[in-house]
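Numbering-wise (numbering that gives the first Met the number 0), the sequence shown opens with residue 0 and increments by one.
Here's the structure, in structure tokens; my notes come after.
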Amino acid sequence: MRTGLYDTTGFYRRNSPAAHFRTSAQIPLFADAIATLIRRVDAALGHPSTFTVVDMGAGNGELLTGLVRIAPLNGRLKPVAVDIRGRPESLDPSIRWCDEPPTDFTGVLLACEWLDNVPCDIVEETENGPRYQLVSPRTGETTLGGPLSELDRDWLDRRWRLAHIGDQAEIGRPRDEAWRELTSRLDNGLALAVDYGHRRHERPQWSTVAGYVDGRRVSATPDGNRDITADVAMDSLGPGVLLRQRDALAALGVSASRPPLDVARTDPAAYLRRLSGTGDAAELMDRNGLGGHWWLTRGMGIADDVWAAP
């Protein structure tokens, strides 16, 4: 998975995510909601002179571009995009582009559909205990390898129950460690992870690893030509507030309700703008789509849920 995504010929070295799948960060209304969150965190921090917003796996910088357009902090916003691809030519010059997140900053740390691409191992229960699943990077054919390491077995025993022979699990320990290291870089503010995933009592019986190309789900062969992703064990990541995206966006004032028809009669242009926003809101809050994603928010120096109260 690591080779197929991040090697010199890996998928994320050569591809723009927006060409293959749609995320919340690519929808303009999402930037409006994050701007509201930023304002609330800024108030909780006492309006620091510099407020850094770090976007992990920034893609083409869509989310930060939206935030720069909104300019929620009157010149105090410092946007930082983190991605292994080169800087897009048309990106706003105020956005810093780098391949590693900064350290010791104050503000908001965003990881929107980043953790699901942190490589993880698949294991399968056998008569002799769980074994790693091995996969051919050329054909995608799978075989079973050796027993689990002590660290992986400990994670599995605590986080994911394999009830029957043939049951599969995804070892989320690398995601936990990646999130822990990432949040350690934030001095004061809020860390937000947005992703699809599950909790212990609802773990799937089979692996969720999948491949995506051109908006289509395909086999997860790690050949560098497709995105490879797996659901995140969200409740394993550590402390914080865990809730569905539809509920988080509602707390930030997003509504999928249609604008009153009276607006169409008095201001048709405004009605069309609000109607367009309603369509975006419906997509972002769809319980069977993006609205079903999880938000995990962790406060550093502030309450984990300070963003939810205006």
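The beta-carbon is built from N, C-alpha and C at its ideal position, and this holds for glycine as well.
Sub-9 Å separation of A192 and L236 beta-carbons: Mapped onto the sequence shown, residue 192 falls at position 193. Mapped onto the sequence shown, residue 236 falls at position 237. For the pair A192 and L236, the CB atoms are nearer than the 9 Å cut-off.
Any alpha helix (DSSP H) of 4 or more consecutive residues that is wholly inside the segment 98-168: Taking only runs of at least 4 residues, the alpha helix (DSSP H) segments lying wholly in the segment 98-168 are 149-158.
Neighbourhood of I121 by C-beta, 7 Å cutoff - its chain only, sequence neighbours within 5 removed: Reading the sequence shown from its first residue, position 122 is the one you call residue 121. Here the set comprises Q132, Q167, E169, S206 and V208.
Alpha-carbon to alpha-carbon, M55 and D103: Along the sequence shown, one-based indexing puts residue 103 at 104. Along the sequence shown, one-based indexing puts residue 55 at 56. When rounded, the distance between both Cα atoms is 16 Å.
Alpha carbon of S227 to alpha carbon of G3, nearest angstrom: Mapped onto the sequence shown, residue 227 falls at position 228. Mapped onto the sequence shown, residue 3 falls at position 4. Note that residue 227 is Ile in the sequence shown here, rather than Ser. Spanning the two alpha carbons is a distance of roughly 8 Å.
Supposed close pair P71, I94 - CB separation, criterion 8 Å: Locating residue 71 in the sequence shown gives position 72, where the first residue counts as 1. Locating residue 94 in the sequence shown gives position 95, where the first residue counts as 1. Approximately 15 Å separates the beta-carbon atoms of P71 and I94; this is outside 8 Å, ruling out the contact.
Cα-Cα separation between L161 and D153, rounded to whole angstroms: As a position in the sequence shown, residue 161 is number 162, starting the count at 1. As a position in the sequence shown, residue 153 is number 154, starting the count at 1. Take the alpha-carbon of L161 and the one of D153: they are about 13 Å apart.
Given 8 Å, three or more beta-carbon pairs between the segment 243-250 and the segment 215-226: The segment 243-250 and the segment 215-226 do not touch, with fewer than 3 CB-CB distances between them shorter than 8 Å.
C-alpha distance - R215 paired with Y195, whole-angstrom precision: Working through the sequence shown from its first residue, we reach residue 215 at position 216. Working through the sequence shown from its first residue, we reach residue 195 at position 196. Rounded to the nearest angstrom, the gap between the Cα atoms of R215 and Y195 is 17 Å.
Cβ of Q167 within 9 Å of any chain D Cβ: The displayed structure is made up of one protein chain only, and chain D is not part of it.
Residues near V253 in its chain [Cβ-Cβ closer than 8 Å; skip 5 each side]: Translated into the one-based positions of the sequence shown, residue 253 becomes position 254. The beta carbon of V253 lies closer than 8 Å to those of L28, D31, A32, A280, L283 and M284 in the same chain, with the five residues before and after it left out.
Three-way DSSP call (helix, strand, coil) for I227 in this model: Locating residue 227 in the sequence shown gives position 228, where the first residue counts as 1. In the three-state scheme derived from DSSP, where H, G and I count as helix and E and B as strand, I227 is classed as strand.
Rounded straight-line distance, which links the Cα of T182 to that of H200: The count along the sequence shown starts at 1 and reaches residue 200 at position 201. The count along the sequence shown starts at 1 and reaches residue 182 at position 183. Between the alpha carbons of H200 and T182 lies a gap of roughly 26 Å.
Inter-residue spacing [alpha-carbon to alpha-carbon] between N287 and D115: Translated into positions along the sequence shown, residue 287 becomes position 288. Translated into positions along the sequence shown, residue 115 becomes position 116. The alpha-carbon atoms of N287 and D115 are separated by roughly 18 Å.
Range of the contiguous beta strand (DSSP E) that encloses L178: Numbered from its first residue, the sequence shown carries residue 178 at position 179. With the sequence shown as reference, residue 178 is identified as Trp, and Leu is not the correct amino acid for it. That residue, W178, is in no beta strand (DSSP E); its alpha helix (DSSP H) goes R172 to T182.
Beta-carbon proximity list for T8, same chain, < 7 Å, skipping 5 on both sides: Along the sequence shown, read from residue 1 onward, the residue named residue 8 stands at position 9. Excluding its 5 nearest sequence neighbours in each direction, T8 has C-beta neighbours in its own chain below 7 Å: G223, listed in chain order.
Beta-carbon contacts of W178 that lie in its chain and below 7 Å, excluding the five residues immediately before and after: Indexing the sequence shown from 1 puts residue 178 at position 179. Listed in chain order, the non-local C-beta contacts of W178 below 7 Å within the same chain comprise L114, A192, L236 and G237, local neighbours out to five positions each way being set aside.
F20 versus D186 - alpha carbon distance: Taking the sequence shown and counting its residues from 1, the one referred to as residue 20 is at position 21. Taking the sequence shown and counting its residues from 1, the one referred to as residue 186 is at position 187. Rounded to the nearest whole angstrom, the CA to CA distance from F20 to D186 is 33 Å.
C-alpha distance - Y11 paired with A307, whole-angstrom precision: Residue numbering aside, residue 11 sits at position 12 when the sequence shown is read from its first letter. Residue numbering aside, residue 307 sits at position 308 when the sequence shown is read from its first letter. Their Cα atoms are separated by approximately 33 Å.
Environment of G165 [buried if 16+ CB atoms lie within 10 Å]: Within the sequence shown, numbered from 1, the residue matching residue 165 stands at position 166. Counting Cβ neighbours within 10 Å, G165 comes out exposed, since fewer than 16 surround it.
Sub-9 Å separation of V81 and V53 beta-carbons: Residue numbering aside, residue 81 sits at position 82 when the sequence shown is read from its first letter. Residue numbering aside, residue 53 sits at position 54 when the sequence shown is read from its first letter. Contact: yes.
Secondary structure of D304, DSSP reduced to three states: The sequence position of residue 304 within the sequence shown is 305, counting from 1. The answer is coil: DSSP assigns D304 none of H, G, I, E or B.
Residue(s) in a DSSP beta bridge with M55: Against the sequence shown, residue 55 aligns to sequence position 56. Note: M55 sits in a beta bridge opposite V81.
C-beta atoms of A34 and E61 nearer than 9 Å: What you label residue 34 is simply residue 35 of the sequence shown in a count that begins at 1. What you label residue 61 is simply residue 62 of the sequence shown in a count that begins at 1. Here A34 is not near E61, since their CB atoms are 9 Å or more apart.
Candidates N59, H46 and L76: closest to E88 by CA position: The count along the sequence shown starts at 1 and reaches residue 88 at position 89. Ranking the options by Cα distance to E88, first place goes to N59.
Collapsed DSSP secondary structure at F20 in the structure displayed: Taking the first residue of the sequence shown as 1, we reach residue 20 at position 21. Coil at F20, not helix or strand.
Member of R13, P16, V67 and I26 whose CA lies at the smallest distance from the CA of I37: Your numbering for residue 37 matches position 38 in the sequence shown. Nearest C-alpha to I37: V67.
Straight-line Cα distance separating L155 from N73: Working through the sequence shown from its first residue, we reach residue 73 at position 74. Working through the sequence shown from its first residue, we reach residue 155 at position 156. Rounded to whole angstroms, the separation of the alpha carbons of L155 and N73 is 47 Å.
Pairwise C-alpha distance: E124 and L109: Your numbering for residue 109 matches position 110 in the sequence shown. Your numbering for residue 124 matches position 125 in the sequence shown. Their Cα atoms are separated by approximately 35 Å.
Residue from T142, H163, T141 and E176 whose Cα sits closest to the Cα of D320: Summary: the structure shown does not reach residue 320, with the chain confined to residues 0 through 309, and so no result is reported for it.
Nearest to S218 (by Cα), restricted to the options R172, D234, R137 and Q204: Numbered from 1 along the sequence shown, position 219 holds the residue referred to as residue 218. Measuring from the Cα of S218, the nearest candidate turns out to be R137.
Beta-carbon proximity of V305 to L189, cut-off 9 Å: As a first step, residue 305 is located in the sequence shown; it is residue number 306 there, counting from the start. As a first step, residue 189 is located in the sequence shown; it is residue number 190 there, counting from the start. In this structure, L189 lies closer than 9 Å to V305 by Cβ.
Cα-Cα separation between G145 and D6, rounded to whole angstroms: As a first step, residue 145 must be located in the sequence shown, where it is residue number 146. As a first step, residue 6 must be located in the sequence shown, where it is residue number 7. Roughly 25 Å separates the two Cα atoms.
Length of the line joining the Cα atoms of P101 and G128: Here the question's residue 101 lines up with position 102 in the sequence shown. Here the question's residue 128 lines up with position 129 in the sequence shown. Roughly 41 Å between the two C-alpha positions.
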